[in-house]
Amino acid sequence: MIRKLYKIHCLLGIILGAILLFMSHAHASSPQELTLLNWADYISPDLINTFQEKFNVKLQVVTYTSDDNRDQLLVSTDGGNFDVVVIDGRSIATYAKRGWLAKISEEEIPNMENILPKWRVAYEGSKEYAVPYFWGTVGIAYRSDLVKSPVTSWMDILQPAQELQGKIFMLPQRRELVDIALKGLGYSINSSDDPSAYKQAEKLLLQQKQYVKKYDVPAVNDGSALVSGEILAAATYSGDALTLKAINKNISFVIPSEGTTLWGDYLVVMAKSEKKKLAMDFINFLNESKNAAEHAEYMYYATPNSAAEKLLPKEFLNDPLIYPSNTIMQKCEIEKILPARVYKTRNTIFMEVTRDKM
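When we follow the numbering used here, the leftmost residue of the sequence shown carries the number 726, and every step to the right adds one.
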């Protein structure tokens, strides 16, 4: 009887050991999860799949609809719940002061050596806390087959002809909406010492409001309002416009004659992330020259990665809508951090203008 019990105990021990071994193996082989907060349709699905396979990771992508929406998400968690976030360059310093960002270095992300120096230091805090993602311009996408005259100026949508009235999208961004009005009026987007500039900008945007269908970014897919013809013009981002042009050849994109905003987006690692090493590996992966080149071609955006540029076809690098000419670049401005009183004025204008049409 004792021998039988001994055999039973041995058998149970073997079974239990096998179960524990199986559970340990299953746990070890199950993928980690990394959470990215990003704009919708702003990363290559192929690169996501390659990264997941290479690092045995599940990349969870959470999307936001505007800078304000992103900020609200992060305020609600005090910078938690996300590992990597795509942000505009001007927000880096603000996020860093809140204690939301982890510092980064080339030791942790060696492919940062591929990044053009001017984009590493383009914004306050960008060198210490962020890695450049893409850069581009704000311009006007429009249906060249459905309008009588080409769109060439900001004033073409700020004071639209009858055929465009009620068929315009304007950007739902506090900074960029006011920037467009300032540029259209001949002012710098970084105006801070001329109150009359903002009074004129507010007046112009309020006059335009009746002709704006919605303050929104047009979708970049077959269902886009610009593809269907529901709208005929939209203030939008260069890469989005070129993606839409690939869907419908009658969509044109122009950088207005007055000049425009030159923007840079960045990848940051959140201070509260428990997967900082994996987050750094993800950013490093995106900046491998081959991956960065593939990514730029997929997104139709200019890359800040000099090693990737060497792999890109000439027709891509020579496309003036992706890489504007020197003449156009001289009319473009990077947004600077402005005094608090100016932001207050801009916020008041934005809220008044967009009310009921967001």
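Don't be surprised by glycine CBs; every beta carbon is placed ideally from N, CA and C. Just so it is clear, the structure is predicted and the values come from calculations on it, not from any experiment.
Assign Glu833 to one of three DSSP states: helix, strand, or coil. DSSP places Glu833 in the coil class of the three-state scheme, outside both helix and strand.
Identify which residue in Trp825, Thr819, Ser801 and Ala818 has its Cα closest to the Cα of Val809. When each option's Cα is compared against that of Val809, the closest is Trp825.
Just mark Ser977 as buried or exposed, buried being the case when its beta carbon has 16 or more other beta carbons within 10 Å. Looking at its Cβ environment, which holds 16 or more other Cβ atoms inside 10 Å, Ser977 is buried.
If contacts are defined as beta-carbon pairs under 8 Å, then Asn1030 and Ser1014 qualify, I think. What distance do you get, rounded to the angstrom? That pair is a contact at about 7 Å.
Three-state secondary structure (DSSP) at Gly864? If DSSP states are grouped into helix, strand and coil, Gly864 belongs with the strands.
Excluding sequence positions up to five away, which residues of its chain have a Cβ less than 8 Å from the Cβ of Thr1079? Same-chain partners within the cutoff: Pro897, Leu902 and Tyr940.
Enumerate in chain order the residues of its own chain whose CB-to-CB distance from Arg1066 is below 8 Å, with the five nearest sequence positions on each side excluded. Taken in chain order, the list of residues that qualify is empty.
Could you tell me the alpha carbon to alpha carbon distance between Ala818 and Ala855, rounded to whole angstroms? Spanning the two alpha carbons is a distance of roughly 10 Å.
Should the stretch 971 to 989 be called in touch with the stretch 900 to 917, which here means at least 3 C-beta pairs below 8 Å? They touch, by the three-pair rule.
Going residue by residue through the stretch 926 to 1008, where are the continuous beta strand (DSSP E) segments of at least 3 residues, counting only ones entirely within it? For the stretch 926 to 1008, whole beta strand (DSSP E) runs of length 3 or above, ordered along the chain, are 937 to 940, 958 to 962, 976 to 979 and 986 to 994.
Through-space distance from Gln935 to Ala886, alpha-carbon basis: Each residue's alpha carbon lies about 13 Å from the other.
Range covered by the alpha helix (DSSP H) that runs through Lys852: Ser851 to Tyr854 is the span of the alpha helix (DSSP H), which, as asked, contains Lys852.
Short of 6 Å in beta carbon distance, which residues of its chain neighbour Lys852, apart from the five on each side in sequence? Order them along the chain. Scanning its chain for C-beta atoms nearer than 6 Å, with the 5 sequence neighbours on each side dropped, one finds around Lys852 the residues Arg845 and Val846, in chain order.
Flag this pair as yes or no: are the beta carbons of Tyr1068 and Tyr858 separated by less than 7 Å? Cβ distance not < 7 Å, so Tyr1068 and Tyr858 don't count as in contact.
Leaving out the 5 sequence neighbours to the left and right, which residues in its chain are closer than 6 Å to Gly804 when beta-carbon positions are compared? The answer, listed in chain order, is Trp825, Met995 and Lys997.
Sort out for me which residues DSSP pairs Leu759 with in a bridge. DSSP lists Leu784 as partners of Leu759.
To the nearest angstrom, how far is the alpha carbon of Lys1082 from that of Glu778? Between the alpha carbons of Lys1082 and Glu778 lies a distance of about 43 Å.
Identify the continuous alpha helix (DSSP H) that holds Phe894 and give its terminal residues. Here Phe894 belongs to no alpha helix (DSSP H); instead the beta strand (DSSP E) covers Ile893 to Met895.
Considering Cα atoms alone, identify which of Ile1047, Phe807, Ile834 and Glu955 is closest to Tyr1025. The shortest CA-to-CA distance from Tyr1025 to any of Ile1047, Phe807, Ile834 and Glu955 is the one to Ile1047.
Residues in its own chain within less than 7 Å of Val937 by CB, not counting five upstream and five downstream? If we look at Val937 and ignore the five residues flanking it on each side, its Cβ neighbours are Ile893, Met895 and Lys1082.
For Glu1058, write down the residues that DSSP places opposite it in a beta bridge. Paired residues: Thr986.
For Pro943, which residues in the same chain have their Cβ closer than 8 Å to its Cβ, ignoring the five residues on either side in sequence? Around Pro943: Ala866, Phe894, Ser949, Ala950, Leu951, Ile956, Ala959, Thr961, Asp965 and Leu969.
If the criterion is Cβ atoms closer than 7 Å, does the pair Gln827 and Lys1001 meet it? The residue asked about is misnamed: residue 827 is Ala in this sequence, not Gln. Yes, the pair counts as a contact, with Cβ atoms nearer than the cut-off.
Just the Cα atoms here: how many angstroms apart are Asn1016 and Leu931? Between Asn1016 and Leu931, the C-alpha separation is close to 44 Å.
Looking only at its own chain, which residues have a Cβ that is under 6 Å from the Cβ of Val782, when we skip the five neighbours before and after it? If we look at Val782 and ignore the five residues flanking it on each side, its Cβ neighbours are Pro756, Gln757 and Leu759.
Measure the alpha-carbon distance for Ile882 versus Gly814 and round it to whole angstroms. One C-alpha to the other measures close to 27 Å.
Under the rule that 16 or more other beta-carbon atoms within 10 Å means buried, what is Lys701, buried or exposed? Any property of residue 701 remains undetermined from this structure, which presents the chain solely from 726 to 1083.
Beta-carbon proximity of Met880 to Gly850, cut-off 7 Å: Taking 7 Å as the Cβ cut-off, Met880 and Gly850 do not qualify as a contacting pair.
Going by DSSP, what residue range makes up the beta strand (DSSP E) through Val872? Val872 -> no beta strand (DSSP E), and no H or E assigned at all.
Would you mind stating whether Asn774 and Asn1009 have Cβ atoms separated by less than 7 Å? No; because the gap between Cβ atoms is not below 7 Å, this pair is not in contact.
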